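Heads up: the structure comes next, in structure tokens.
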Amino acid sequence: MTTKLETSSAAHTTLSPEGRVFEITKSVNFEAAHFMGGKPEGHPYRNMHGHSFQLEATVAGVVKPGEQWVEDFSHLTACLQATAAKLDHTLLNEIPGLDVPTLERICLWAAADLTDGLPGLKRVALARPSLNERCELVL
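So the sequence shown is residues 319 to 457, counted in the working numbering.
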């Protein structure tokens, strides 16, 4: 059930996020190398190469009375930075679970790493902005 927002000037003075569902999103960047083993000789992905990645997490929830937010952005940032630090300047293929480091598998890996610290985790996205590529995992 959706509630129509009031648009009168009186309504603006009484805006309250309490009890409403919000999604908040934060992103961080990291650099890493990978290769796609098993590709035929001459395939460009077979050779080791690197990318600049952008890791993004969305947390959803109801704003609790007295808190005025779904999650503290500093906590969301710290969780994302800790996950990105495990991937930054690594050969992704050497990380357990990422022997085939596709965007989809890295999203799954990051979601598993973030879940404990972010119980309201709803979405994890991984992008390679220089290539205009993005993958989203909806939880």
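Beta carbons are placed, not taken as given, at the ideal position from N, Cα and C, and that holds for glycine.
No experiment lies behind these values; they were computed from the predicted model shown.
- With a threshold of 16 other beta carbon atoms within 10 Å, Pro-419 meets it and is buried.
- Around Ala-402, the same chain offers Val-346, Phe-348 and Leu-373 as residues with beta carbons nearer than 6 Å, after the five sequence neighbours per side are excluded.
- Around Leu-416, the same chain offers Leu-410, Arg-423, Ile-424 and Trp-427 as residues with beta carbons nearer than 7 Å, after the five sequence neighbours per side are excluded.
- Taking a cut-off of 8 Å on C-beta distances, the region 357-366 does not touch the region 383-393, as fewer than three cross pairs fall below it.
- If you look at His-369, you'll find it isn't in any alpha helix (DSSP H); it sits in the beta strand (DSSP E) that goes 367-380.
- For the options Glu-385, Asp-434, Asp-406 and Leu-457, the alpha carbon positioned closest to that of Ala-443 is the one of Leu-457.
- Apart from sequence neighbours up to five positions away, the residues of its chain that approach Ala-445 with a beta-carbon distance below 6 Å are Gln-372 and Arg-452, ordered along the chain.
- Beta-carbon to beta-carbon, Pro-335 and Gln-386 are separated by about 6 Å, close enough to satisfy the 8 Å threshold.
- Thr-343 carries a strand assignment under DSSP once its states are collapsed to helix, strand and coil.
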